[in-house]
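First comes the structure, then the notes that go with it.
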Amino acid sequence: MFAGEPASRIVDHFQMIRYSNVSTSPAIQAYKPHAEAVKSAISGHHDAVSGGYLLKLPFTTIFEKLQILRLIATSMKILGPNTMFYLVAVVSDFYVPWESMAVHKIQSASGPLDMRLAQVPKMLLVLRKEWAPAAFCVSFKLETDKEILLEKADTALKTYKMHAVVANELSTRKEVVILVTESGKVRVYRENDQPVVESPLIKLLVEKQMVVAQC
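As structure tokens, then:
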């Protein structure tokens, strides 16, 4: 999943193709206006891989995603409050249950298609209570309607016992987010030299985690 790769936050795969120039030599060069961004993305990726900081676990279905989350959480349970779950993977709120999936291609000759979707299981509370109860857990709440954003974030914080919820509006999510915790709400803005808001957000979350770990 492209969204799960840190380097893609700077330059995604499709931008990488548009920003690159192929010449007669074997080397591939980035167009000058985008050279620094491409260099930063590639360097960051290689540093993370060579340093052992990045492990990519691809998944296709919601079933695979939840199983992977459970395995990771139970494996890291021993680390207690030194673990942070930064749960940003975008998953649909609805899915097709396994038993309802068609075995073969659905034929258009059968006419209009009626589909009934089930709600994706809410596993955040299970993560907090059973899989990794001492870990610092951060979830995200993305909305297109800013009028309900903070209300939904507050509800998620209380319902799933999160340490923090990152509230972000779809149209401004790369520029500003609101970090919602029990102690209050803090607006976090993108730094001028960064393409997204993630750097100051991560710094603030680490500070919050250290406070919780010392309690």
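In the UniProt record's numbering, the protein residues as written are 1 to 215. Heads up, the beta-carbon is just placed ideally off N, CA and C, and yes, glycines get one too. Quantities reported herein were computed from a predicted structural model and do not represent experimental measurements.
{"Query": "In whole angstroms, give me the CA-to-CA distance for residue 111 and residue 101.", "Result": "18 Å"}
{"Query": "Counting only runs that start and end within the segment 54-102, where is the beta strand (DSSP E) found for 3 or more residues in a row?", "Result": "84-87"}
{"Query": "Going by other Cβ atoms of all chains shown within 10 Å of its Cβ, with 16 needed for buried, is residue 93 buried or exposed?", "Result": "exposed"}
{"Query": "Is it true that the CB of residue 188 sits closer than 8 Å to the CB of residue 180?", "Result": "no"}
{"Query": "Just how far apart, CA to CA, sit residue 190 and residue 46?", "Result": "24 Å"}
{"Query": "Under the DSSP definition of a beta bridge, which residues are partnered with residue 169?", "Result": "143"}
{"Query": "Excluding the 5 residues flanking residue 127 on each side, which residues of the same chain have their C-beta closer than 6 Å to its C-beta?", "Result": "73"}
{"Query": "Buried or exposed for residue 210, going by 16 or more other Cβ atoms inside 10 Å?", "Result": "exposed"}
{"Query": "Can you check whether the CB of residue 59 is closer than 8 Å to the CB of residue 137?", "Result": "no"}
{"Query": "Can you check which of these residues, 79, 61, 56 and 48, is closest to residue 134 by C-alpha distance?", "Result": "79"}
{"Query": "Among the candidates 95, 175, 105 and 125, whose CA atom is the shortest distance from the CA of residue 115?", "Result": "95"}
{"Query": "What are the residues that DSSP puts in a beta bridge with residue 106?", "Result": "The partner list for residue 106 (beta bridge, DSSP) is empty, contrary to what the question assumes."}
{"Query": "Between the alpha carbons of residue 164 and residue 64, how many angstroms are there, rounded?", "Result": "25 Å"}
{"Query": "Using a 10 Å radius around the Cβ and a threshold of 16 neighbouring Cβ atoms, would you call residue 216 buried or exposed?", "Result": "Outside the displayed span of the chain (1 to 215) sits residue 216, for which this structure offers no information."}
{"Query": "With distances taken Cα to Cα, identify the nearest neighbour of residue 145 among 169, 157 and 199.", "Result": "169"}
{"Query": "Of the residues 88, 194 and 108, which one's Cα is nearest the Cα of residue 41?", "Result": "194"}
{"Query": "Rounded to the nearest angstrom, what separates residue 48 and residue 39 at their Cα positions?", "Result": "14 Å"}
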